[in-house]
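2 protein chains.
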Amino acid sequence: MTKKDVAGATPPPRAKRLPRAVRERQILDAAVRVFSERGYHAASMDEVSDVAGISKPMIYAYLGSKEELFAACIQREATRLMEAIGGVVDVDLDPEEQLWRGVLAFFTFVGENRDSWQVLHRQAGTQGAPFAAELAEGRRRAVAMISALLDRAAGREGVGAFAEGRTEPLAAALTGAGEALAEWWLEHPEESPKAMARRLMNLSWMGFGNLVLGRAWSPEKSA
Amino acid sequence: MTKKDVAGATPPPRAKRLPRAVRERQILDAAVRVFSERGYHAASMDEVSDVAGISKPMIYAYLGSKEELFAACIQREATRLMEAIGGVVDVDLDPEEQLWRGVLAFFTFVGENRDSWQVLHRQAGTQGAPFAAELAEGRRRAVAMISALLDRAAGREGVGAFAEGRTEPLAAALTGAGEALAEWWLEHPEESPKAMARRLMNLSWMGFGNLVLGRAWSPEKSA
DNA sequence: AGGCTTACCTACTGATGAGTAAGACTACTT
DNA sequence: AAGTAGTCTTACTCATCAGTAGGTAAGCCT
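Right, dumping it as structure tokens:
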């Protein structure tokens, strides 16, 4: 009479024993899902443990406090995103081509990993918490990457064009535009990653000035 | 000996009797400050009441629940922002000029009302709460305004250029870029509103394609 | 078999914070 | 002066969670 006698509950009352590494991954997966749809504060550790199919103390034993858990999520997902983008950007290429590839990789990633994306994006404006460091750090890496790209672009053309060499704010603006487009995408899921990437190129590479004149950007042309 | 004897506290122990309208404004002011620096969840009603120099039940009596209070903040500040921008955009003007003025008004507002701005921006990605409606609504208004501007721009030049007539996502991207720049501005407060507005025009009107070639945007030229 | 480690659990504590009950003070009416 | 309407307070209740104490069971060595 030790166990329950009503029996038959779909998830086994006592979870199967699994090695730590596996459980840690499961917990992180669950945490990403919960944090992404509730946000940091509204998410509860109880819900994370439910979704993970494990009891709460295990989370504390393996991943530490709520903040540490969240930081771990941020770090893992940020790394995945950065690798997805970094993987397609070849430094020897034409900057325009690099930008196109990077932007396309970004939207592809977001399309295939909504939760990963949202957990990074939804809490973006949070400061005052220790995990703000992780957030800011991830963002800084992204901005630095784009900023470097723009610097190379300026260099290749032999022009120090970018407003007194300040490409960093422009890179920040570009990421902001990307985030906003990704957000818009959530309400228009019928769009393809390519179409989204194209929009961002139109805005950021061509600018409204050109668009108004009927000149649009397309991936087919070279220069 | 009724009051505190350590004395010197700026807000009197028992608040002076004031008409409801005045108190409501004070409470809203305090709420905007607290929400802007803590975010919705981390903010507590006790802190709001402290900052407002009044006791908690007054807030509930006048402004309702925490959610209603927050919604009221959003609505008031969103309206102020929209009016600041709407006030300088003259529909008869050149679209480029309109965009410039609107963008400049935006950064001017943000520079002078950091709290108002942050309370709107920091919670932007929150969904699932009733006040998400207010947030989304405010954003929709802003995007619609810019989108209409772009449509007029396309119309004036006689071109249906904007990627199959979809100016709305581009407008969304532009607001995202503006938000990201405003964020960047917080870490570089030495910049002027004009310099910030110029950056956004460079990105959105000229595009990187032009910037790379040494063509930058400036408010002095006309076309 | 007995012992040891690691996975795993139920059932609590303690703090924080939203929201309220019940009444006190002030000022304006009549 | 006595009523009454509106301002303002102290001092609670009650729910929600983060985090933990203390213990059970499963595998793995000898």
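If you're matching them up, the sequences are chains R and P in order.
FYI, our numbering numbers position 56 of the first sequence as 56, with every residue one higher than the one before it.
For our numbering, add 1000 to where a residue sits in the second sequence, where the first one is 1.
Cβ atoms here follow ideal geometry from the backbone N, Cα and C, with glycine treated the same way.
Keep in mind the model is a prediction, meaning the values are calculated, not measured.
- Rounded to whole angstroms, the gap between the alpha carbons of V32(R) and A173(R) is 26 Å.
- With 16 or more other Cβ atoms from the protein chains shown falling within 10 Å of its own Cβ, P1169(P) counts as buried.
- A distance of 8 Å or more separates the beta carbons of T1079(P) and A180(R).
- Distances from the alpha-carbon of A1144(P) to those of A1216(P), A1153(P), T1167(P) put T1167(P) closest.
- Measuring C-alpha to C-alpha distances from D1115(P) to each of C1073(P), R1020(P), L1135(P) identifies C1073(P) as the nearest.
- The continuous alpha helix (DSSP H) containing Q1026(P) extends over residues 1020-1038.
- If you ignore the 5 residues before and after L1150(P), its C-beta comes within less than 7 Å of the C-beta of F1162, T1167, L1170, A1171, all in its own chain and listed in chain order.
- Around R199(R), the beta-carbon contacts reaching into chain P at under 9 Å are A1163, R1166, P1169, L1170, A1173.
- A61(R) and P1193(P) have their C-alpha atoms some 49 Å from each other.
- Close to chain P, meaning a Cβ-Cβ distance shorter than 7 Å, are the following residues of the region 200-213 of chain R: L200, N202, L203, S204, W205, M206, G207, F208, G209, N210, L211, V212, L213.
- Residue-level contact check: T1126(P) touches chain R, since one or more beta carbons of chain R fall below 8 Å from its beta carbon.
- Rounded to whole angstroms, G111(R) and R1076(P) show a C-alpha spacing of 35 Å.
- Taking one beta carbon from each stretch, the region 1094-1109 of chain P and the region 1194-1212 of chain P have 3 or more pairs nearer than 8 Å; the two touch.
- Taking a C-beta distance under 8 Å as the contact criterion, V1034(P) and E1047(P) qualify as a contact pair.
- G1155(P) and V212(R) have their C-alpha atoms roughly 9 Å apart.
- Of the candidates L135(R), H121(R), A216(R), A153(R), H121(R) places its Cα closest to the Cα of G178(R).
- Of all alpha-carbon atoms in E1183(P), L1081(P), P1189(P), the one lying nearest the alpha-carbon of A1142(P) is that of L1081(P).
- Interface annotation, L120(R): not in contact with chain P, CB-CB separation never under 8 Å.
- Looking at the backbone, the Cα of A1021(P) and that of I1027(P) are separated by about 10 Å.
- Chain P places a beta carbon closer than 8 Å to that of L181(R), counting this residue as a contact.
- Within the model, the alpha-carbon separation for A71(R) versus V1091(P) is close to 47 Å.
- The contact set of G1039(P) on chain R, defined by CB atoms closer than 7 Å, consists of T126 in chain order.
- Collapsing the DSSP output to three states places R80(R) in a helix.
- Counting other Cβ atoms within 10 Å of its Cβ, L18(R) stays below 16 and is therefore classed as exposed.
- Comparing alpha-carbon positions, the option among R1101(P), R1152(P), R1038(P), R1140(P) lying closest to M1196(P) turns out to be R1101(P).
- Restricting attention to A133(R), G39(R), G53(R), the CA atom closest to the CA of K16(R) is found in G53(R).
- Boundaries cannot be given for F1131(P), as no alpha helix (DSSP H) includes it and DSSP labels it neither H nor E.
- Taking CB atoms only, W1117(P) has no neighbour in chain R less than 8 Å away.
- The residue from W117(R), A216(R), D29(R), P130(R) with its alpha-carbon nearest to that of D50(R) is D29(R).
- For L135(R), the closest Cβ of chain P is not nearer than 8 Å.
- The C-beta of P1130(P) has fewer than 16 other C-beta atoms within 10 Å across all chains shown, which makes the residue exposed.
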